[in-house]
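Start counting the sequence shown at 435; every next residue gets the next number (the working numbering). Report on the following structure.
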Amino acid sequence: MMADEKIKNSNELEFAVFCIENVAAKLGVDTERVYQAFTQKDDILNGYIVPEYKVLHTQSREYIVDDLLDVMKERNVEITHSNKNDQNEHSSAMTANPILLQKKYSRVIECFAKQHGLSLDAALDFFYRSEVYQLIRDGVSDMHCMSDAYLADELEQEYSQNIE
Numbered sequence: 435m436m437a438d439e440k441i442k443n444s445n446e447l448e449f450a451v452f453c454i455e456n457v458a459a460k461l462g463v464d465t466e467r468v469y470q471a472f473t474q475k476d477d478i479l480n481g482y483i484v485p486e487y488k489v490l491h492t493q494s495r496e497y498i499v500d501d502l503l504d505v506m507k508e509r510n511v512e513i514t515h516s517n518k519n520d521q522n523e524h525s526s527a528m529t530a531n532p533i534l535l536q537k538k539y540s541r542v543i544e545c546f547a548k549q550h551g552l553s554l555d556a557a558l559d560f561f562y563r564s565e566v567y568q569l570i571r572d573g574v575s576d577m578h579c580m581s582d583a584y585l586a587d588e589l590e591q592e593y594s595q596n597i598e
C-alpha cells in the first residue's frame, strides 16, 4: 500500500478534480458520490491518485478512468446509483465544456484555500459538499461564467455560515 500524500500544488489539485469528474461521468453518478468514495474507506485520493500523479497524469483520460475503476474494484469501493441525483440529469443542463469546468473548479478551490488559509485537501472537501458547487455544476444562473474570485467569495460565505 502506498503512503498517503496530501495535495501539494495546483497541478495535483487539478488532476484530482479531473479524476473525480471523469470517473463520475463514466459511472453516470454524482461527483459528490465519487468524491466520498475516493476519500473514505481506503482513501483512493490521497492513497493512490496523489502519490501516483507523476505517472498517471501522463496517460490518456480513458486509461486513467479505467485504472481508477480497477483500483476501486481491488479495494472493494463501490458507488451505488441513486435515482434522485443521477449525473445524467445534470449533464444535459450543462452548457460549458466539462474540461473547462474542471479547470475552473480547480482554480476556485485553490483561490478559496488561499483566502481561508485551508489546505488544498480541506478546500476540495468543502467544495464538493457545497451548494455553490451544485449551482455551478447544474448551470444555475450561469454560475460557471462568474469569475473565480466571485465563486471563491461565494464559497467563503457558505463556509462562514456552516461554521456559525
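Glycine included, each C-beta is placed from N, C-alpha and C at the ideal position.
Cβ contact check for the segment 487 to 495 and the segment 536 to 543: 3 or more pairs under 8 Å:
no
What residue range does the alpha helix (DSSP H) around residue 500 cover?
Along the sequence shown, read from residue 1 onward, the residue named residue 500 stands at position 66. Counting along the chain, the alpha helix (DSSP H) containing residue 500 begins and ends at 495 to 508.
Going along the chain, which unbroken runs of the alpha helix (DSSP H) with 4 or more residues stay wholly within the segment 441 to 486?
444 to 461 and 465 to 473
Roughly how many angstroms lie between the CA atoms of residue 443 and residue 554, to the nearest whole one?
Residue mapping note: residue 443 aligns to position 9 of the sequence shown, counting from 1. Residue mapping note: residue 554 aligns to position 120 of the sequence shown, counting from 1. Rounded to the nearest angstrom, the two C-alpha atoms are 8 Å apart.
Secondary structure of residue 588, DSSP reduced to three states
Position 154 of the sequence shown, counting from 1, holds the residue named residue 588. Reduced to three states, the DSSP call for residue 588 is helix.
Using DSSP with H/G/I as helix, E/B as strand and the rest coil, what is residue 558?
Taking the sequence shown and counting its residues from 1, the one referred to as residue 558 is at position 124. Here residue 558 sits in helix by DSSP.
Alpha carbon of residue 485 to alpha carbon of residue 589, nearest angstrom:
Taking the sequence shown and counting its residues from 1, one reaches residue 485 at position 51. Taking the sequence shown and counting its residues from 1, one reaches residue 589 at position 155. Near 28 Å, if we compare the C-alpha coordinates of residue 589 and residue 485.
Can residue 584 and residue 564 be called in contact, C-beta distance under 9 Å?
Within the sequence shown, numbered from 1, the residue matching residue 584 stands at position 150. Within the sequence shown, numbered from 1, the residue matching residue 564 stands at position 130. No. Outside cutoff.
Using DSSP with H/G/I as helix, E/B as strand and the rest coil, what is residue 594?
Here residue 594 corresponds to residue number 160 of the sequence shown, with the count starting at 1. In this structure, residue 594 counts as helix in the three-state DSSP scheme.
Going by C-alpha distance, which of 458, 465 and 467 is nearest residue 500?
The sequence position of residue 500 within the sequence shown is 66, counting from 1. Nearest option by C-alpha distance: 458.
Under a Cβ-count criterion, where at least 16 other Cβ atoms within 10 Å of its own Cβ denotes burial, should residue 456 be classed as buried or exposed?
Taking the first residue of the sequence shown as 1, we reach residue 456 at position 22. Buried: at least 16 other Cβ atoms inside 10 Å.
Is the beta carbon of residue 560 sitting closer than 9 Å to the one on residue 552?
Counting from one through the sequence shown, the residue named residue 560 turns up at place 126. Counting from one through the sequence shown, the residue named residue 552 turns up at place 118. Yes, they are a contact pair.
When the Cα of residue 463 is compared with those of 441, 482 and 515, which residue comes out closest?
Reading the sequence shown from its first residue, position 29 is the one you call residue 463. Of 441, 482 and 515, the residue nearest in Cα terms is 515.
Look up residue 515 in the DSSP assignment and say whether it is helix, strand or coil.
Position 81 of the sequence shown, counting from 1, holds the residue named residue 515. Coil, per DSSP.
DSSP three-state label for residue 577, please.
Mapped onto the sequence shown, residue 577 falls at position 143. If DSSP states are grouped into helix, strand and coil, residue 577 belongs with the helices.
Apart from the five residues on each side of it in sequence, which residues of its chain come closer than 6 Å, Cβ to Cβ, to residue 451?
Position 17 of the sequence shown, counted from the first residue, corresponds to residue 451. So the list reads 536, 539 and 540, once near-sequence residues are dropped.
Classification of residue 545 by the beta-carbon crowding that lies within 10 angstroms, buried from 16 upward
The sequence position of residue 545 within the sequence shown is 111, counting from 1. Under this definition residue 545 is a buried residue.
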